[in-house]
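Accompanying notes for the structure given below.
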Amino acid sequence: MAKMIFVNLPVADVAKSTAFYEAIGMKRNPTFSNDRASAMEWSDTIGFMLLDHAFYSTFTDKKIIDARKSSGALIALSFDSRDAVDAITEAALAAGGRELHDPENEPYMYSRAFEDLDGHGFGPFWMDMAAAEQALAPVNG
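The numbers in the working numbering rise by one with no breaks, and the one at position 34 of the sequence shown is 119.
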């Protein structure tokens with residue numbers, strides 16, 4: 086079995102957050118979803134669990150932060166092209182997300198950044214690894 090990653094995110098409104106994640110291209114897996122949680126599939130091996138605060142609290146005794154005011158993680162997602170980076174970012178903005186800063190555009194990499202409805206940060210990016218290695222080799226020794 087392939088190794089998998091599930092990112093558990095506390096959300097204020099499961100239905101609204103589900104609609105947001107569907108708008109940026111994820112698919113809801115009904116087998117693992119209910120009114121307290123939505124299992125959103127990014128790929129065959131990466132998923133996001135959108136959990137209401139009460140359900141999220143069953144997994145930790147720590148206080149849930151307001152991700153619009155504090156940062157706990159930034160989630161980077163790779164894409165095959167600059168256009169795909171723009172497409173997911175524009176979809177996120179149209180669905181109520183917020184752009185965090187201007188696009189970063191290097192010859193070997195292009196990235197943007199947005200927040201979801203609850204303030205969780207995402208950094209979609211495209212990178213030409215061969216060009217990055219060549220450009221960064223003199224800098225990183």
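Backbone N, C-alpha and C fix where the C-beta goes; we use that ideal spot for every residue, glycine too.
Per-residue burial, residue i [other beta carbons within 10 Å of its own, 16 or more giving buried]
i, result
"Thr174", "buried"
"Met95", "Residue 95 is actually Pro in this sequence, not Met. Buried."
"Met134", "buried"
"Ile61", "The question about residue 61 has no answer here: the residues shown for the chain are numbered 86 through 226."
Chain-order list of residues whose beta-carbon lies under 8 Å from that of residue i (same chain, five-residue window excluded)
i, result
"Ala87", "Asp129, Thr130"
"Thr116", "Ala124"
"Gly211", "One point to set straight first is that residue 211 is Trp, not Gly, in the sequence displayed. Contacts found: Ser163, Phe164, Asp165, Ser166, Arg167, Ala169, Val170, Met194, Tyr195, Ser196."
"Leu178", "Glu184, Phe199"
"Arg158", "Strictly speaking, residue 158 in this sequence is Ala, with Arg absent from that position. These residues qualify, in order along the chain: His205, Gly206."
"Phe105", "Ala177, Ala180, Gly181, Gly182, Asp201, Leu202"
Per DSSP, cross-strand counterpart(s) of residue i
i, result
"Lys112", "Glu126"
"Asp176", "One point to set straight first is that residue 176 is Ala, not Asp, in the sequence displayed. DSSP, once it has assigned bridges, lists no residue as partnering Ala176."
"Gly206", "Leu159, Glu200"
"Gly181", "DSSP, once it has assigned bridges, lists no residue as partnering Gly181."
"Val92", "Phe133"
Host alpha helix (DSSP H) of residue i (start-end)
i, result
"Phe140", "138 to 141"
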